[in-house]
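Since the structure comes first, as structure tokens, the remarks are kept for the end.
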Amino acid sequence: MSVPIPQPPTIPFLGNVLAIDKELPIGSFGLLAKQYGEIYQLNLLGRIVYFVNSCELVRELSNDKKFQKSVPGSLNEVRSLAGDGLFTALADEPNWAIAHRLLMPAFGTANIRNMWDDMKDICSQLILKWSRFGPDYVISPTDEYTRLTLDTIALCSMNYRFNSFYSETLPPFCEAMTDFLKECNARANRPAIVQALMTSATAKWEADKKLMVDVASQIVKHRRHHPIEKKDLLNTMLYGKDPKTGQGLSDDAITKNLITFLIAGHETTSGILSFTTYYLLKNPECLIRLRKEVDDVTQGKSITLEHLAKMPYLNAVLRESIRLNPTAAVRAVVALEDVALAGKYAIKKGQAFAINNHAAQRDHKVWGDDADEFKPERMLDGKFEAMPPESWQPFGYGMRACIGRPFAWQEAQLVIASIIQTFDLCFNDPDYTLEVKQALTLKPKDFYIRASLRSNAV
Ligand code: HEM
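Oh and the sequence shown: position 397 is 400 in the working numbering, straight run, nothing missing.
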């Protein structure tokens, strides 16, 4: 017999929309998970979505044969800009398969290693800027990391410099993207009739999209007219041919994928850097251990790729940080056939699911009673691989898993190691405890630090 899936009380027309905090949906999803357990359902303006919160159910949903990525809600709003680019493509769109086959090798570890000099270039801009700020300057790490990650993905993937560190305000592209993503979230939670009345918000949203398309298509045009010899992602897309069909990508498809890389590749990585900085400051014993590792390996020299390969604790710190706060916290799938989930929940083909990784990656059954605590030791090589794979999915799963994972990881390793090597850090407010803010991704809220050059540098 099928077990019913619990649901909070609904109200006419709106369903459960008012049960969700518009500023921090993930907070509401987490509270509902505490109340209802491994699975509950919400009526989101007439659309029924099953939210899953346990590793056991995530394991069942992580099966590309039975469940497929879907693009609902705010992601569907992003799709109005990024179209059939890799992130927002629907399962059967041919451009996804072509771009995926074309770009998988380009995003492979060997190619990402070739991007080292560009990554170091941008990282050294941040280090220099913080050095010049001095110990009294209040730094917003999330803003600084957003500059860094945007500049890094743009330089590495399309040889374009936003030069975000050289202006007081964020570049117009970045402002437009932030506003656009915020509005995508808002639009997804508005009834159609309310949305129709929001004409000025819609006009601004359209203007933001236009700005981003203009910048990206300009980059494509410029490269077409001024080709360069660089094995970057833009050249791969311009000149590469899909090994299976022999087809290439149109300039329009390339523009959409460039925008996709800029969106998917910067907020998420900025988030992992910000949360990691927070957890290291909150857990000084971990910071001391990490600094010792960095010092022992580098002996005070400029960090190299070879150094990073000898820093297991750094990996463990990053893994644990993104376990507690997966910056892309929820992914959506749809059932491809009728299934009995966990042998007891009767699921119909076409049913929509939201996989709440923020809850599942803290599943006490898998991670123990200290699941909510920051303990990098549990993520050291050996222990990490011994965990069930579905218990740690910050980069998604299967065919539609993150193509940018090696890129993001190398960048995060470099930046955290460089900061720890160079600065003594402290909270601006010693009593600060973590609050999370959410646009499309998660970041620490009102988090400020100060940085001074190390007193005991090696
Ligand atoms: C997909 C997370 C960095 C590009 C995804 C997905 C997740 C994710 C969870 C799957 C989404 C879904 O199933 O709907 C992250 C995190 C990152 C990160 C946590 C950093 C810490 C990057 C970077 C890039 C990138 C640096 C690009 C340069 C993409 C793309 C997809 C994707 C293109 C779609 C892949 C496909 O469907 O074929 N990412 N990502 N990501 N990510 Fe990332």
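Ideal Cβ positions, reconstructed from N, Cα and C, are used throughout, including at glycine.
With DSSP as the reference, identify every bridge partner of residue i, one or two as the case may be.
| i | result |
| --- | --- |
| I130 | BP columns for I130 are empty, so no partner. |
| Q396 | Q396 is not bridged to any residue. |
| S455 | D427 |
| K440 | K446 |
| A210 | Looking at the DSSP assignment, A210 forms no beta bridge with any residue, so it has no partner. |
| A338 | F70 |
Using 8 Å as the threshold, is the C-beta distance between residue i and residue j below it?
| i | j | result |
| --- | --- | --- |
| L276 | A415 | yes |
| V320 | T279 | yes |
| C58 | K440 | no |
| Y142 | I452 | Checking the displayed sequence, the identity of residue 142 turns out to be Ile instead of Tyr. In contact: I142 and I452 (Cβ atoms closer than 8 Å). |
| T152 | H269 | yes |
| E80 | N56 | no |
| I463 | V342 | Residue 463 lies beyond the range of the chain shown here (4 to 461); nothing can be said about it. |
| V297 | T258 | no |
| V20 | L47 | yes |
| I8 | Y43 | yes |
| P409 | T112 | yes |
| Q364 | P329 | yes |
| A199 | S77 | no |
| L317 | L284 | no |
So what's residue i in DSSP terms, helix, strand or just coil?
| i | result |
| --- | --- |
| L47 | strand |
| V333 | strand |
| F264 | helix |
| V141 | coil |
| V223 | helix |
| L344 | strand |
| I419 | helix |
| I231 | coil |
| I156 | helix |
| I8 | coil |
| A199 | helix |
| I350 | strand |
| P379 | helix |
| F110 | coil |
| Q364 | coil |
| G401 | helix |
| Y148 | helix |
| I406 | coil |
| V218 | helix |
| D120 | helix |
| M390 | coil |
| A204 | helix |
| N238 | helix |
| A374 | coil |
So the beta strand (DSSP E) residue i belongs to, where does it begin and stop?
| i | result |
| --- | --- |
| N359 | A355 to N359 |
In terms of residues, what are the limits of the alpha helix (DSSP H) holding residue i?
| i | result |
| --- | --- |
| V369 | H367 to W370 |
| E96 | Premise fails: E96 is in no alpha helix (DSSP H) and is neither H nor E. |
| A460 | Here A460 belongs to no alpha helix (DSSP H), and DSSP marks it neither H nor E. |
Kindly examine ligand 3 and report whether one of its heavy atoms sits closer than 7 Å to the Cβ of residue i.
| i | result |
| --- | --- |
| C187 | Although ligand 3 was asked about, the structure shown includes only ligand 1 as ligands. |
Fill in: Unbroken stretches of the alpha helix (DSSP H), 4 residues or longer, contained in the segment 164–195
175–191
Worksheet item: In the segment 12–93, which residue ranges form an unbroken alpha helix (DSSP H) of at least 4 residues, counting only runs that do not cross its ends?
Response: 28–39, 58–64 and 76–85
Worksheet item: In the segment 243–320, which residue ranges form an unbroken alpha helix (DSSP H) of at least 4 residues, counting only runs that do not cross its ends?
Response: 254–285, 287–301 and 308–311
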